[in-house]
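Engineer: In terms of the numbering used here, the sequence shown opens at residue 19 and continues consecutively. Once you've had a glance at the structure underneath, I'll fire off some questions.
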Amino acid sequence: MADYSLREIDTELDLPKGSAFRAFKRRAGDWREGIEFRRLDATHDREEIEALRQAHRIYPSSIHVVLLNATAAGQLRQDLMSKL
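What follows is the structure in structure tokens.
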């Protein structure tokens with residue numbers, strides 16, 4: 019699964035921090051964890067989160083991380099662009 023972080027979507031669309039997160043929260047009830055998105059836990063997935071942080075793929079202050087598959091990321095981009 020190709021993963022896209024919410025920061026990457028904010029950056030790609032030149033949106034303020036948190037824009038993709040708020041759009042994700044509106045869509046989250048329609049998506050299934052493990053299919054459309056993965057949630058990385060600060061305790062259990064610490065190493066993966068730190069690697070994403072070092073690669074500047076997530077915000078420095080991120081504790082838990084949501085990663086979207088390509089389809090969900092595309093839908094989220096469309097949602098965000100329709101509001102521009």
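For each residue, glycine too, the CB sits at the ideal point set by N, CA and C. Computed from a prediction, not measured in an experiment: that's the story for all the values here.
1. What does DSSP give as the partner residues of Tyr22 in its beta bridges?
2. State the Cα-Cα distance for the pair Leu94 and His74, rounded to the nearest angstrom.
3. Assuming Ser100 contacts Leu70 under a Cβ cut-off of 8 Å, what Cβ separation, rounded to an integer in Å, is found between them?
4. Any chance the segment 25 to 36 sits against the segment 46 to 65, with 3 or more Cβ pairs inside 8 Å?
5. Among Arg40, Val83, Ile27, which has the Cα closest to the Cα of Glu51?
Structural biologist: On the basis of the supplied data:
1. Along the sequence shown, one-based indexing puts residue 22 at 4. Per DSSP, Leu86.
2. As a working mapping, residue 94 is identified with position 76 in the sequence shown. As a working mapping, residue 74 is identified with position 56 in the sequence shown. Separation of Leu94 and His74 (C-alpha to C-alpha, rounded to the nearest whole angstrom) is 20 Å.
3. Here the question's residue 100 lines up with position 82 in the sequence shown. Here the question's residue 70 lines up with position 52 in the sequence shown. 28 Å between Cβ atoms; not a contact.
4. Not touching, per the Cβ criterion.
5. Within the sequence shown, numbered from 1, the residue matching residue 51 stands at position 33. Minimum Cα distance to Glu51 is reached at Val83.
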